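To start, the structure under review is shown below, and the notes come after it.
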Ligand code: GLU
């Protein structure tokens, strides 16, 4: 099977050193394997994603010397493409509508767990059925039912340095740490980011998902969703994160480390590679 990977930024801010590392690493892996490197804009957050950031990211990646082998996939251009998958979950009786706001959820959760990917939903709307769906409701996955439905727990292969090996989804951990995740967002009824991302990895026939270590916890959810839909599960490679001097992960807000800034300061793509240890 030909190696295919991708870089999938959300165009909600500038490309910084951490992104550059991720993109260059994925690109170099694809080139070393004589495979394909693809670019996908994860722009489903219609409020925060901006065409200016999209253009700047493309300009920075080009400056870094990266090339991609297929036209850029922009998720927001075909938002209804994900609906059949949501319909499939609905047919499996795995969805329920939810009208809870973030603050309502916070209020119910007595001790929000720090360090988990998100707060585990307390189940306020879990009794509701799809017939009670109101415009603007989110759709959540009945995780317990989903896990019960699987004859055996899915496995995935990780090739990244921190977690290399085969991982089997642990149902108890999934219930405690993932919970009833949102698959369609409240308010705008747009597919949730991690479902769109997993579906597009399949859509783009990605064989190895290369991305930051910070997304490792999402992988179990994505593997579970793909398995429930009967779709192939790629291999994952979560790489180290680029941190600042204090050990903090670089965030998009961290404009000081934006590639555009280094470009303006006269650095070369080669120097950027060196800075991120490539
Ligand atoms: N769009 C995500 C981000 O910008 C990355 C998703 C992925 O690589 O799976 O952080």
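Residue numbers (the working numbering): 1 to 278. The beta carbon of each residue, even a glycine, is placed where N, CA and C say it ideally should be. The structure presented is a predicted model; accordingly, all values stated were derived computationally and were not measured.
Buried or exposed by the 16-neighbour rule on C-beta atoms within 10 Å, applied to residue i
| i | result |
| --- | --- |
| residue 113 | Below a pLDDT of 50, predicted positions are generally treated as unreliable, and residue 113, at 45, falls in that range; the measurement from the model is reported next regardless. With fewer than 16 Cβ atoms within 10 Å of its Cβ, residue 113 is classed as exposed. |
| residue 222 | buried |
| residue 97 | buried |
| residue 115 | A caution first: residue 115 carries a pLDDT of 46, below 50, which makes its placement in the model too unreliable to give a value. |
| residue 152 | exposed |
| residue 265 | exposed |
| residue 126 | exposed |
| residue 209 | buried |
| residue 247 | exposed |
| residue 69 | exposed |
| residue 71 | exposed |
| residue 257 | buried |
| residue 131 | exposed |
Residue from the options whose Cα sits closest to the Cα of residue i
| i | options | result |
| --- | --- | --- |
| residue 281 | 19, 38 and 195 | It is not possible to answer for residue 281, since the shown part of the chain is limited to 1 through 278. |
| residue 99 | 79, 78, 77 and 135 | 135 |
| residue 14 | 51, 204, 150 and 75 | 51 |
| residue 191 | 78, 34, 119 and 247 | 78 |
| residue 220 | 143, 184 and 271 | 143 |
| residue 215 | 3, 197, 230 and 133 | 197 |
| residue 273 | 11, 16 and 3 | 16 |
| residue 268 | 22, 46, 62 and 1 | 62 |
| residue 119 | 92, 263 and 217 | 217 |
| residue 149 | 93, 55, 48 and 244 | 93 |
| residue 57 | 12, 161 and 48 | 12 |
| residue 54 | 10, 262, 240 and 177 | 10 |
| residue 271 | 65, 46 and 27 | 65 |
| residue 232 | 155, 160, 173 and 255 | 155 |
| residue 181 | 262, 27, 105 and 46 | 105 |
| residue 213 | 163, 91, 27 and 172 | 163 |
| residue 159 | 23, 263 and 240 | 240 |
| residue 193 | 263, 27, 48 and 28 | 48 |
| residue 23 | 107, 263 and 67 | 67 |
Distance CB(residue i)-CB(residue j) smaller than 8 Å
| i | j | result |
| --- | --- | --- |
| residue 37 | residue 80 | no |
| residue 259 | residue 60 | yes |
| residue 18 | residue 211 | no |
| residue 139 | residue 122 | no |
| residue 226 | residue 25 | no |
| residue 40 | residue 204 | yes |
| residue 95 | residue 141 | yes |
| residue 8 | residue 42 | yes |
| residue 124 | residue 76 | no |
| residue 207 | residue 3 | yes |
| residue 224 | residue 146 | yes |
| residue 276 | residue 20 | yes |
| residue 183 | residue 89 | yes |
| residue 288 | residue 186 | The displayed coordinates of the chain run from 1 to 278. Any statement about residue 288 would go beyond what the structure contains. |
| residue 46 | residue 200 | no |
beta-carbon residue i near the ligand GLU non-hydrogen atom, thresh 7 Å
| i | result |
| --- | --- |
| residue 42 | yes |
| residue 99 | no |
| residue 209 | yes |
| residue 215 | yes |
| residue 10 | yes |
| residue 268 | no |
| residue 132 | no |
Near the ligand ZN: residue i beta-carbon under 7 Å from a heavy atom
| i | result |
| --- | --- |
| residue 197 | Absence of the ligand ZN is noted for the structure shown, with the ligand GLU being the only ligands found. |
Exercise. Looking at C-beta atoms only, is the number of pairs between the region 147-167 and the region 234-242 that lie closer than 8 Å three or more?
Worked result: yes
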